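Chemist:
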Amino acid sequence: MSNLVESTRPASAFVQPAPLSGLHLLLTYECNYECDHCFVWGGPSQPGTMTVETIEHILKQADELGTIEWIYFEGGEPFLYYERLCSGVRLAKESGFRVGIVSNAYWAKSEKEALTWLQPFAGVVEDLSISDDDYHGSG
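Each residue of the sequence shown is one higher than the one before, counting from 45 in this note's numbering.
1) Quick check: the segment 82-91 against the segment 127-143, are there 3 or more CB pairs under 8 angstroms?
2) With three or more C-beta pairs closer than 8 angstroms as the rule, is the segment 119-126 touching the segment 96-110?
3) Do residue 26 and residue 111 have their C-beta atoms within less than 7 angstroms of each other?
4) Measure the alpha-carbon distance for residue 162 versus residue 116 and round it to whole angstroms.
5) By Cβ distance, which residues of its chain are closer than 8 angstroms to residue 129, with the 5 residues on each side in sequence left out?
6) Between the alpha carbons of residue 96 and residue 132, how many angstroms are there, rounded?
7) Could you check where the beta strand (DSSP E) with residue 146 kicks off and where it finishes?
8) Taking residue 112 as part of the beta strand (DSSP E), name the residues at either end of that continuous run.
9) For the beta strand (DSSP E) containing residue 170, name the first residue and the last one.
10) Can you tell me the Cα-Cα spacing of residue 154 and residue 166, whole angstroms?
11) Quick one: what's got a C-beta closer than 7 angstroms to residue 170's C-beta in the same chain, skipping five residues either side?
12) With H, G and I counted as helix, E and B as strand and the rest as coil, what does DSSP make of residue 69?
13) With a 10 Å radius around its C-beta and 16 neighbouring C-beta atoms as the bar for buried, classify residue 74 as buried or exposed.
14) Looking at residue 106: is its Cβ nearer than 7 angstroms to the Cβ of residue 159?
Written out as structure tokens, the structure is:
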């Protein structure tokens, strides 16, 4: 007996998947936390950081695809590689993408420090998602 099921519906009856509209770039696997729930297994000793050249290549491919609207930078913790994060965000914005960042905000020890770290992203980053709850940092 075959495990395959034949459909009597025409191919046009099947729902077409939505086009890919966003990319989440793992700038690094390194993170100042080591959370048990981390789906990328980020941590202080995790190697692997994306180069600016790789970011440029991905942005070019995303542009060629023609459906990508959003580029998110995350990790690990992307702010550990601040200059590279700034470069990637700038390149993504200059390429016409909407830009977001996902961070645990370890760098926001005070309002003044947070504003200093975020200043280069003003008017560029449209979404800053903060991963800060009872589970983060509870490795």
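Each residue gets a CB set at the ideal place from its N, CA and C atoms; glycine is no exception. Owing to the predicted nature of the structure, the values given are computational and were not obtained by experimental measurement.
Modeler: Put simply:
1) Fewer than three Cβ pairs drawn from the segment 82-91 and the segment 127-143 lie within less than 8 angstroms of each other, which leaves the two stretches out of contact.
2) Three or more beta-carbon pairs separated by less than 8 angstroms are not found between the segment 96-110 and the segment 119-126, which leaves the two stretches without contact.
3) Missing from the structure shown is residue 26; the chain here goes from 45 to 183 and no further.
4) As a position in the sequence shown, residue 162 is number 118, starting the count at 1. As a position in the sequence shown, residue 116 is number 72, starting the count at 1. Answer to the nearest angstrom: the Cα atoms are 15 angstroms apart.
5) Counting from 1 along the sequence shown, the entry for residue 129 is found at position 85. In chain order, 71, 117, 122, 123 and 145 place their CB closer than 8 angstroms to the CB of residue 129, counting only its own chain and leaving out the 5 sequence neighbours on each side.
6) Taking the first residue of the sequence shown as 1, we reach residue 96 at position 52. Taking the first residue of the sequence shown as 1, we reach residue 132 at position 88. A straight line joining the alpha-carbon of residue 96 with that of residue 132 spans about 7 angstroms.
7) For this step, residue 146 is matched to residue 102 along the sequence shown. Start and end: 142-147.
8) As a first step, residue 112 must be located in the sequence shown, where it is residue number 68. Annotation for residue 112: no beta strand (DSSP E) segment contains it, and DSSP assigns it neither H nor E.
9) Residue numbering aside, residue 170 sits at position 126 when the sequence shown is read from its first letter. Counting along the chain, residue 170 sits inside the beta strand (DSSP E) bounded by residues 169-174.
10) Mapped onto the sequence shown, residue 154 falls at position 110. Mapped onto the sequence shown, residue 166 falls at position 122. About 18 angstroms.
11) For the purposes of this step, residue 170 is identified with residue 126 of the sequence shown, where counting begins at 1. So the list reads 142, 143 and 144, once near-sequence residues are dropped.
12) Position 25 of the sequence shown, counted from the start, is the residue given in the question as residue 69. Residue 69 falls in the strand class under three-state DSSP.
13) One-based indexing of the sequence shown puts residue 74 at position 30. Residue 74 is classed as buried because its beta carbon has at least 16 other beta carbons within 10 Å across all chains shown.
14) Taking the sequence shown and counting its residues from 1, one reaches residue 106 at position 62. Taking the sequence shown and counting its residues from 1, one reaches residue 159 at position 115. In this structure, residue 159 does not lie closer than 7 angstroms to residue 106 by Cβ.
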